[in-house]
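Novice: Going by numbering that gives the first Met the number 0, the sequence shown opens with residue 0, and the numbers climb by one from there.
Ideal placement from N, C-alpha and C gives every residue a C-beta, glycine not left out.
Would you mind keeping the following structure in view while I ask a few things?
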Amino acid sequence: MEKLLESIVTALESKNGEDIVTLDLKGKGSLADAFILVTGNSETHMHTLTEAAEEVLLREGRKCKIEGASSLNWRLIDAGDIVIHVFSHKGRDFYRLERLWEE
């Protein structure tokens, strides 16, 4: 899974994703083993980041579901054990997932 996480992060970096964070959630009772958080500058940028992550997952043979595709603040890509959160700056500040999962 580490290689897949690295590939997703690399794809997000290549599209200028901001504040990329990977959270290891193994053994923390969550539905996923890892979250990747990334921030985009605009709705178009969020769409580009979502597509980049989805392309990596599909290339690796992973099925995924995208939720919030029309949201201006938060999009979620659910690939089972990996969940990618694509935020606007406003959405990232509001949800503060890093703080939630630190505890």
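Please return the same chain residues whose Cβ sits closer than 8 Å to the Cβ of residue 32, not counting the five positions on each side in sequence.
Specialist: Only 0, 23, 24, 25, 80, 81 meet the Cβ criterion.
Novice: Run through the stretch 40-82 for me and flag every whole alpha helix (DSSP H) of 4 or more residues, listed as ranges in chain order.
Specialist: Counting whole runs of 4 or more residues, the stretch 40-82 contains the alpha helix (DSSP H) stretches 42-58.
Novice: Can you tell me whether residue 87 is buried or exposed, with buried defined as 16 or more other CB within 10 angstroms of its CB?
Specialist: By the 10 Å Cβ count, residue 87 comes out buried.
Novice: Quick one: residues in its chain with C-beta nearer than 7 Å to the C-beta of residue 52, no 5 flanking neighbours on either side, listed in chain order?
Specialist: So the list reads 7, 10, 11, 76, 83, once near-sequence residues are dropped.
Novice: Taking only the alpha-carbon atoms, compute the straight-line gap between residue 56 and residue 62 and give it to the nearest angstrom.
Specialist: The straight-line gap from Cα to Cα measures roughly 7 Å.
Novice: Going by DSSP, what residues sit across from residue 38 in a beta bridge?
Specialist: Beta-bridge pairing links residue 38 to 17, 86.
Novice: Quick one: what does DSSP say residue 32 is sitting in, helix, strand or coil?
Specialist: The answer is coil: DSSP assigns residue 32 none of H, G, I, E or B.
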